[in-house]
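Here the structure comes first, spelled out in structure tokens, and everything after it is commentary.
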Amino acid sequence: MTQPLVTRAPLTRPPVTLPLVEQFACGLDAPICLTWELTYACNLSCVHCLSSSGRRDPRELTTAECRAVIDELERMQVFYVNIGGGEPTVRPDFWDLVDYATAHHVGVKFSTNGVQIDPAAARRLAASDYVDVQISLDGATAEVNDAVRGPGSYATALRAMRHLAEAGFRGFKISVVVTRQNVSQLDDFKAIADRFGAQLRLTRLRPSGRGADVWDELHPTAGQQRQLYDWLVAHGEQVLTGDSFFHLAGYGEALPGLNLCGAGRVVCLIDPIGDVYACPFAIHDSFLAGNVRGPGGFAAVWRESELFADLRRPQTGGACHSCSAYDSCRGGCMAAKFFTGLPLDGPDPECVKGHGERALSAAAGASPPRPSGDHSHRTHPVPVSIGVRPPADPGLPPASRGLPPDRACDESPLAGFSPGPGG
Amino acid sequence: MSTETQARGARAGFDLDRPWQLHPQVSVRPERFGALLYHFGTRRLSFLKSPALLTVVSSLGDAPTAREACRLAGLTEAELPAYAAALETLASSQMIRERVSS
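Quick mapping for you: the protein sequence lines, in order, are chains A and B.
Residue numbers 1 to 423, in this note's numbering, belong to the letters of the first sequence in order.
Residue numbers 1 to 102, in this note's numbering, belong to the letters of the second sequence in order.
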């Protein structure tokens, strides 16, 4: 990291009298949970894939290295991991690692596009108390979904849901990234979830990975954000959000969950090659804290990285400090700001007060940072009918104009937090 | 102790005089503010916002009643309603459950 991410202030241990949110903002000795992308390999090529997945990275952690990470997570009492990718189930040792984690008291939630969820896999999943499944679906109709996730992906996801329901798996998750194109389908998504005895989970589109290329066309408009907020308020805790819409708290009433960016404080990302980033949406050298292969393993990265120490320092709010909504939205999402070229101590690009749009206009012309690493398939782009991609520049090398892959996961790991009993 | 919790204590319906225990699928991680609880069955997280509440919850399984666990944790009579309310919240989210005597 070459420049500080936040305004620096002395790093001190918070007194125990601080509110919980402040305790979390100062970081915990171990993450509550974390996202673990097991592979960059994926059968799909979603246009908004936040890890730019597609091709397997040859440096991927081995089975033995993955088991060692799980051992460490058990020692640190990390409750569960949100496994994603890429498509994690394409790893030949995927089920072995799931079993190893749950046998070592590390719960598993994994995100998948459903490609490997056949009746046998569904029965196996239904039989475990310690594994939860999220099927990614970005349109309530094949037309809307497949435009983003690729031809046939809607049918694959629905088939997986049917298998899970038939196996008796109650309450699996249907995970939707909310876009300009599907925000009008919220009731339809809910109906699909109800039909399969599943729970709907809506998360925010981030301009991360290949998402940076399509964010302008896919992110909800200001009016749609309001519509989404009202819908979320009306549905309360029936619908999960991964706590990813805390920037909408600026409208007034906070949404259920913890309104806090947990990056590097209570959550983080381990990528397929063992790199540890502050959050799943921040795969860039600026947010790279270390690697689990280093001396001291993951625990040393979590406890000693300078980047994470920076993130755990009190933040001033910067340009947002004087805004009446700052206590609610806390300036929004770090990754969303970073990849749209906005300063980290200013408004979120989707600030509900409109400060983000003004900041984006002011920054127009400057090139925002590019996501580090691109594992996209070197194949033809997925045909998209909504015109989300600029025409490929034949002057660029294939990897730069390549598109495809997806990654199913999109988890802000604080999901599911209940405010908990006081004391 | 938040005022919100104390307010809830006024309508506490938690039976302090029965035996309770941590749910077997719940994992407890001590923290400087108290503890984090995770229920592997419901996949819910919860917080204990005071070290004393952690002491109570940890000793529930060995104490004849929840009231006794509170006494062992050094709680005063005046503090009991707030703690009963916290335990009720934990019971409603299945983090703790009544112990069936064998």
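All C-beta atoms, glycine included, are put in the ideal place defined by N, C-alpha and C.
Grab me the residues of P391/A's own chain with a C-beta within less than 8 Å of its C-beta, minus the 5 sequence neighbours each way, in chain order.
-> For P391/A, the predicted structure reports a pLDDT of 46, less than 50, and the residue's modelled location is therefore unreliable. A value from the coordinates is still provided. Excluding sequence neighbours, P391/A sits near nothing in its chain.
Indicate whether at least one CB of chain A lies closer than 9 Å to the CB of Q25/B.
-> yes
Are any of the Cβ atoms in chain A nearer than 9 Å to that of L16/B?
-> no
What residues from the region 97-111 of chain A come within 7 Å of chain B, judged by C-beta to C-beta, listed N to C?
-> H105, G107
Chain B residues whose Cβ lies nearer than 9 Å to that of L200/A | Those within 9 Å of L200/A in chain B number zero; the least Cβ separation is about 15 Å.
Would the region 347-363 of chain A and the region 248-259 of chain A be scored as touching if the rule is three or more Cβ pairs under 8 Å?
-> yes
Return the chain-ordered list of same chain residues with a C-beta closer than 6 Å to the C-beta of S50/B, the five sequence neighbours on each side being excluded.
-> G34
Check each candidate in V177/A, N182/A, A198/A, D271/A and name the one with the smallest Cα separation from H163/A.
-> A198/A
Report yes if the C-beta distance between M161/A and W302/A is below 9 Å; otherwise report no.
-> no
List the residues of chain A that M29/B touches, going by C-beta distances under 8 Å, in chain order.
-> Looking at the sequence shown, residue 29/B is not Met but Arg. Chain A residues near R29/B: A30, Q77, F79.
For the 8 Å Cβ check, are there 3 or more pairs between the region 92-111 of chain A and the region 145-155 of chain A?
-> no
Just the C-alpha distance for A82/B and L205/A, rounded to the nearest angstrom, thanks.
-> 41 Å
Contact under 9 Å by Cβ, T89/A with V115/A = yes
Is it buried or exposed for L72/B, if we count other Cβ within 10 angstroms and need 16 for buried?
-> exposed
Is P280/A closer than 9 Å to E65/A when the C-beta atoms are compared?
-> no
Just how far apart, CA to CA, sit G346/A and Q21/B?
-> 47 Å
Rounded to a whole number of angstroms, what is the C-alpha to C-alpha distance between V28/B and N291/A?
-> 28 Å
Between F172/A, F298/A, I135/A, which lies nearest to A155/A when the distance is taken from Cα to Cα?
-> I135/A
Euclidean distance between Cα positions of I386/A and T179/A = Low confidence applies to I386/A: its pLDDT is 49, below 50, so where it sits in the model is not reliable enough to give any reading.
Sequence-distant residues of the same chain with beta carbon closer than 7 Å to L60/B, five excluded per side = W20, Q21, L22, A66, A69, I96
Kindly list, in the order they appear in chain B, the residues whose Cβ is closer than 8 Å to that of L20/A.
-> F33, F47, K49
Do you know offhand how far G171/A's Cα is from T241/A's?
-> 15 Å
Per DSSP, the bridge partner or partners of N145/A | In DSSP, N145/A forms no bridge with anything.
Neighbour flag for R97/B against chain A, beta carbons, 9 Å | no
Spatial neighbours of P256/A in its chain, beta-carbon cut-off 8 Å, leaving aside the 5 residues before and after | G236, E237, T241
Residues that Q23/A contacts on chain B, provided the C-beta gap is smaller than 8 Å = E31, R32, F33
Pairwise C-alpha distance: L260/A and C42/A | 31 Å
Inter-residue CB distance, F287/A and L307/A (contact presumed, cutoff 8 Å) | 7 Å
Within 9 Å (strictly less), CB to CB, does S400/A reach chain B?
-> Note that S400/A has pLDDT 41, beneath the 50 cutoff, so the model's placement of it is unreliable and no number is given.
Using a beta-carbon distance cut-off of less than 8 Å, what residues from the region 129-155 of chain A approach chain B?
-> D129, Y130, D132
Beta-carbon of G61/B versus every beta-carbon of chain C: anything under 9 Å?
-> Judged by its chain identifiers, the structure shown contains no chain C, and its protein chains are A and B.
With a cut-off of 9 Å, does the C-beta of G13/B fall near any C-beta of chain A?
-> no
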